[in-house]
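Asker: So our numbering is basically just the index in the sequence shown, starting at one, shifted up by 380.
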Amino acid sequence: AATASPSRGRARPGRKPARRDAPAGREAIVAALVEAATRLFAASGPDGVALRAVADEARVNYGLIHQYVGSKDDLLQLVLRTVSERSARLFEEAEGLDGAIDQLFGNEVPGFVPMLAWALLQGRDARELLGRSPALQALADRTSDRTAEREGDREDERAARLAAVVSMALGWHLFGGFVAAGVGRSDPDGLTPDLKKLATSILAELEDPARET
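Laid out in structure tokens, this is it:
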């Protein structure tokens, strides 16, 4: 009987595995570094990843990180800013508030939430990681078209509701399986639609011009 070879699935002699082309040009190199850093930082946290490993993953020269980006913290901040700006565009293009909430609970950027959690757990100042978030500003704008300046006194309420919804989404991304099991549900995905409805209702009240403050 034939026995399984320990080399099964590996590239055979004389066959080179497919390799990604190295990025060329500043814009492509920075984009490759951001994508590589997102994956590696999500797996081990920024402190557990050497910049040389990021360069290898991105297939760029190590020295270009310092030339185009700077330090590891500069790279982390660039990753967070890039992801936030990408999410902002998704929120802006979403169909209505429901669509924006779908994006918030979606997984367009795998690894972003674990990466953020790692960065905070490893002692970084949350206020310095990103500052004012383009993504959260875009989401807030979806609730302010009809309330605008005449309801400036509700800015604290808007901020609180937005913070509650974003905390719900981030927590669900990270702890959804654990929380679902804790409330007796085996499948967290089964609860996600109801959570989206709840999140939408929290923000939708800000859109109602007849709502009394």
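Even glycine gets a Cβ: it sits at the ideal position worked out from N, Cα and C.
Since the structure is predicted, the reported quantities are computational estimates derived from the model, not experimental observations.
How many Å lie between Glu475 and Glu537 at the Cα?
Answerer: Position 95 of the sequence shown, counting from 1, holds the residue named residue 475. Position 157 of the sequence shown, counting from 1, holds the residue named residue 537. Straight-line Cα distance between these residues: approximately 24 angstroms.
Asker: In three-state terms, what does DSSP make of Glu437?
Answerer: Along the sequence shown, one-based indexing puts residue 437 at 57. Glu437: helix per DSSP, three-state reduction.
Asker: So the candidates are Leu516, Glu535, Asp453, Arg466; which of them puts its Cα closest to the Cα of Gly503?
Answerer: Within the sequence shown, numbered from 1, the residue matching residue 503 stands at position 123. When each option's Cα is compared against that of Gly503, the closest is Asp453.
Asker: Which residue marks the beginning of the alpha helix (DSSP H) containing Glu585, and which one marks its end?
Answerer: Taking the sequence shown and counting its residues from 1, the one referred to as residue 585 is at position 205. From DSSP, Glu585 is part of no alpha helix (DSSP H); its letter is neither H nor E.
Asker: Does DSSP put Ser566 in a helix, a strand or coil?
Answerer: Indexing the sequence shown from 1 puts residue 566 at position 186. Ser566: coil per DSSP, three-state reduction.
Asker: Which residues in the same chain as Asp478 place their Cβ atom closer than 7 angstroms to its Cβ, once the five residues preceding and following it in sequence are excluded?
Answerer: What you label residue 478 is simply residue 98 of the sequence shown in a count that begins at 1. Hits under 7 angstroms: Thr580.
Asker: By the three-class DSSP mapping on this structure, what secondary structure does Gln517 have?
Answerer: For the purposes of this step, residue 517 is taken as the residue at position 137 of the sequence shown. In this structure, Gln517 counts as helix in the three-state DSSP scheme.
Asker: Of all the options Glu465, Ala404, Val410, Leu470, which has the alpha carbon lying nearest to the alpha carbon of Gly486?
Answerer: Here residue 486 refers to the residue found at position 106 when the sequence shown is read from its first residue. The shortest Cα separation from Gly486 among Glu465, Ala404, Val410, Leu470 belongs to Leu470.
Asker: Assuming contact is defined by CB atoms lying nearer than 8 angstroms, are Leu510 and Leu460 in contact in what I supplied?
Answerer: In the sequence shown, the residue the question calls residue 510 occupies position 130. In the sequence shown, the residue the question calls residue 460 occupies position 80. Yes; because the gap between Cβ atoms is below 8 angstroms, this pair is in contact.
Asker: Tell whether a beta-carbon distance below 8 angstroms holds between Leu458 and Val414.
Answerer: The sequence position of residue 458 within the sequence shown is 78, counting from 1. The sequence position of residue 414 within the sequence shown is 34, counting from 1. In contact: Leu458 and Val414 (Cβ atoms closer than 8 angstroms).
Asker: Going by the CB atoms, is the gap between Glu437 and Ala423 shorter than 8 angstroms?
Answerer: As a working note, residue 423 is residue 43 in the sequence shown. As a working note, residue 437 is residue 57 in the sequence shown. Result no, Cβ atoms of Ala423 and Glu437 do not sit closer than 8 angstroms.
Asker: Under 8 angstroms by Cβ, that's how I've got Ala412 and Pro403 pegged, so tell me the actual separation to the nearest angstrom.
Answerer: The sequence position of residue 412 within the sequence shown is 32, counting from 1. The sequence position of residue 403 within the sequence shown is 23, counting from 1. Indeed, because the Cβ distance is near 4 angstroms, the residues count as touching under 8 angstroms.
Asker: Apart from the five residues on each side of it in sequence, which residues of its chain come closer than 7 angstroms, Cβ to Cβ, to Asp606?
Answerer: Outside the shown range of the chain (381 to 593) lies residue 606, about which nothing can therefore be said.
Asker: Given a cut-off of 8 angstroms, decide if Ile409 and Val429 are closer than it, judged by their beta-carbon atoms.
Answerer: Reading the sequence shown from its first residue, position 49 is the one you call residue 429. Reading the sequence shown from its first residue, position 29 is the one you call residue 409. Against a cut-off of 8 angstroms, the Cβ pair of Ile409 and Val429 comes out as no contact.
Asker: Would DSSP call Val429 helix, strand or coil?
Answerer: Residue numbering aside, residue 429 sits at position 49 when the sequence shown is read from its first letter. Correct three-state label for Val429: coil.
Asker: Label Lys577 either buried or exposed according to how many other C-beta atoms from any shown protein chain fall within 10 Å of its C-beta, with 16 as the threshold for buried.
Answerer: Mapped onto the sequence shown, residue 577 falls at position 197. Exposed, by the Cβ-count rule.
Asker: Label Phe421 either buried or exposed according to how many other C-beta atoms from any shown protein chain fall within 10 Å of its C-beta, with 16 as the threshold for buried.
Answerer: Mapped onto the sequence shown, residue 421 falls at position 41. Classification of Phe421: buried, given that the 10 Å Cβ count is 16 or more.
Asker: Straight-line CA distance for Arg534 to Gln447?
Answerer: Locating residue 534 in the sequence shown gives position 154, where the first residue counts as 1. Locating residue 447 in the sequence shown gives position 67, where the first residue counts as 1. Computed Cα separation, rounded: 45 angstroms.
Asker: Quick one: residues in its chain with C-beta nearer than 8 angstroms to the C-beta of Ala433, no 5 flanking neighbours on either side, listed in chain order?
Answerer: Your numbering for residue 433 matches position 53 in the sequence shown. These residues qualify, in order along the chain: Leu420.
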